[in-house]
Structure formats: C-alpha cells, structure tokens
C-alpha cells in the first residue's frame, strides 16, 4: 500500500510543515463550513476546537521531526559503540577458551553459545573461524564431559552462523573426526555423545548437504548408535543401559534430519530397513524415545508418499493399532505430563498415517511468520530450535541460511510504515508454501545429483 499524504508530511522538514499548516487552515475552514453540523453532530466539537487539534497535531509532528533529525547521528554512534563493546566481549570469550582453568573455558563456551544463538555475527566470525575451530577442537580432545558437550554445541552454532558456505564446510571437515570419535566411544559421557550426535547431524546438514559421501558416512555413524535399541532376532527389545535412551534419541533425531536430504533411491532402502524396526521401538520404556520414534515413522511415511503416491506401510493395521494405544495411554505408572505429551503427539502421528492429515503450526518472528505444514518441515525447524533454543526466531528473521531453508527470501528491511501494512495471514501462508515447494524442487535436483555418488 502507498503511504498516505499525512504519512509523508510526518517525514518532511519543519519549514514545509508550516506552509502545509497554513494551507490546511484555509482548506479546513472551507470544509468546515460545508459540513456545517455534520461533524458536530458526531463529535460535539466546535470549528475552533477542530482547528486547534489540527494545529496541535502538526506542531507535535514538527517537534518529532526535528528531534529525529537531531538524534540520528547519536543513534548511529550508539550502535557502533554497542557493536564494539560486543566484539570486545567476544574476543575475551575466545581468549578464555585457551585458559588453563576448565571453569574459565566453560564460562567462555557458555558466553559464546548465548551470543551465537541470539545475534548474527558473520563478519566477526569469518575472520576468526580458524582460531575458534582450533579452540573447540582442543576442548573436544582434552576437555572434560561438560566441556566436550558445550564445545560440540558451539561448533554447530558456528556452522549455522557461517551459513553453509566454504567456511563452514572447512570447519566441518576439520572437526568431524573428533566428533565421530566421541560419538562412538562407549566410555565417553552420555551428555558429550548426545551433543556430538546433534552437532554431527546439524553440521552435515548445513555444511555438506550437497556432498553425497559425507552424507552417507554421517547417516551410517548415527544409525550404528540408535540401532542398538532395535529388537533382537527373537523380537525382544534390549534392556536399556543408564542414559542410553537419551543418546538413541539424539542420534535418531540427527539421522532423521539428514534423511530429508537423501535421494529417492537411497530413501527406498532406508524405508525398507528401518520402518519395521522402528515400529517395534514404539514399545520402548522411555517416553521421549517413543515420541521421537513416532515422529520419525511419520516423517519416513511422508517421504515415502512423496516418492510414490501409492506407498503403504507394511502391517499398517498393526502400526495403527499400536499408535491408537499410545494416543489413549492411561497407564498410571507413567507421569501425568508424560502421558499428556505422548497422547498429543501420537494422535497427530495416527491422523497422518490414516488420513494424511497434518496439524499446521505457525511460528511468528518480527512481522513475519513461517508455517510448519509437514513432518519434514517440522523436523528441520525442531533441529534448529534444539540447538539455538529461543534464538531460532532471531535467526529466522536475519540469518540468510535459515531464510533460504524455509523459503523466506532475503532478510527484510522494515520502516514504521511497512510494519503497519502487514499482509494477511492467508497471503503469508500461500507465500510460505509456494516458497518451500520451490526450495523442495531445487533440493530434489540436488538429490538427483547425489544419487550418482550413492
């Protein structure tokens, strides 16, 4: 919508405002005579009172314009000062990663995690990415369990900040061996292994999405972790070791994120191999792992239907019967919140398996929204949210990588007038859906190229 004339006057200089006020006086007197009692009948105001309101409005507009003009330079100086202060703090945090004290290194990692989650720091990090990568590698190799877990998370955030280009790919190739070593080390702490699983999945998704060889290696590593939860030859689920359901959960979530990148030929193999085994894991004793298994089954079925409209799950009746049981589970031995969460998720999974019905979710950030309208889209969004937590909305607004993944286009530059003229929810939904479909087609072309490698 074009701006109104009044909106343009609000941005003009005080000299032109005075001329407009004089013109308005003449035009307003004429119009007030023509209206006679029409305005008075509605508002009860006299001609003089109306003119007083008009003059008061333009007087305040003039003052506001002059204040804005005087304050613009000061605001720019304040922004530069704030940016310099932020960069100085970040430099200190990076220095702290090389400190002898484990406590100081942990504090530095936590500060970097918060900064990387809540701000866009591409220029700053591009110049220092090798230094930071070296520090993170040292923490992963020589740090304790808590330090290893924190370093893996910060590395995933670094890849997201660098945007999936050559810089993040270089970092991924550098740190992938140590992430892999910790992940498969049964003597390492569960927390560190979980964090490495998430980092491996996210960094591969962001940095090596077009490299079929890296994708296959990462998928195989993650599979080896969560497949230990699969039933044995007798069909019995193994007794979980302490902490193992959490590790299986993280590995399965990271794996399902990477599955969204696989070409059709690879997907067919994965569906045949994993769907029957995952169905058995719905009987797991851990509620969070059961939920992740259910969501992964829904995702795989969705991807299967994308390949072949006639795709059907083997023993779909048995699967639906199991899902119905979980969707109505009233087992008193389970915590009330666990039962409520489980029932909600499995109702959604059941509705999708039976009717291809997905419960759409709207994520708002700034004046924009993104619609989560498929299991694939939900897995991708949840993966970023797991690592960035509340900062995911800031990155949706300003990070070119996330905006590209969700089909949002370049970051918006808004002024006050644009913020007022928001497009309708339906228009946003159509735009988001069209953009995501276009991106999916583009990624399908990349999948076809990767198919040759696989």
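Numbering (the UniProt record's numbering), first residue to last: 1 to 454.
Virtual Cβ for every residue (Gly too), placed ideally from N, Cα, C.
All figures in this text were calculated on a predicted structure; none of them were measured in a lab.
Assignment of alpha helix (DSSP H) within the stretch 98–131, counting only whole runs of 4 or more residues, yields 102–118 in chain order. The shortest C-alpha to C-alpha distance from residue 270 to any of 413, 320 and 303 is the one to 303. In this structure residue 380 does not touch residue 296 by the C-beta definition: roughly 13 Å separates them, more than the 8 Å allowed.
Counting only unbroken stretches of 3 or more residues, the beta strand (DSSP E) elements lying wholly within the stretch 301–369 are 361–365, in sequence order. Taking residue 146 as reference, the option from 128, 106, 175 and 185 with the minimal CA-CA separation is 106. Selection 84, 129 and 175 evaluated against residue 161 yields 129 as nearest (Cα-Cα). In this structure, residue 204 sits away from residue 183, with a CB-CB distance that is not shorter than 8 Å. For residue 381, the uninterrupted alpha helix (DSSP H) run begins and ends at 375–388, by DSSP. Apart from sequence neighbours up to five positions away, the residues of its chain that approach residue 378 with a beta-carbon distance below 7 Å are 372, ordered along the chain. Close CB contacts of residue 95 within its chain, under the 7 Å cut and outside five residues either way in sequence, are absent.
By the criterion of a C-beta distance shorter than 8 Å, residue 386 is surrounded in its chain by 198 and 253, once the five residues flanking it on both sides are discounted.
Under the three-state reduction of DSSP output, residue 230 falls in the coil class, being neither helix nor strand. By alpha-carbon distance to residue 136, the top candidate from 122, 157 and 124 is 157. Counting along the chain, the unbroken alpha helix (DSSP H) around residue 153 starts and ends at 145–162. Assigned with DSSP and collapsed to three states, residue 372 falls in strand. Residue 261 sits in coil when the DSSP states are folded into three classes, being neither helix nor strand. A contact between stretches requires three or more CB pairs, one per stretch, nearer than 8 Å, and the stretch 303–322 meets this requirement with the stretch 347–358.
Contact annotation: residue 282 and residue 326 have beta-carbon atoms nearer than 8 Å.
Bounds of the alpha helix (DSSP H) holding residue 191 are 190–207. By the Cβ neighbour-count rule, residue 83 is exposed, with fewer than 16 other Cβ atoms within 10 Å of its own. Around the beta carbon of residue 167, 16 or more other beta carbons sit within 10 angstroms, so the residue counts as buried. Your pair residue 190 and residue 246 checks out as a contact, with CB atoms roughly 6 Å apart and the cut at 8 Å.
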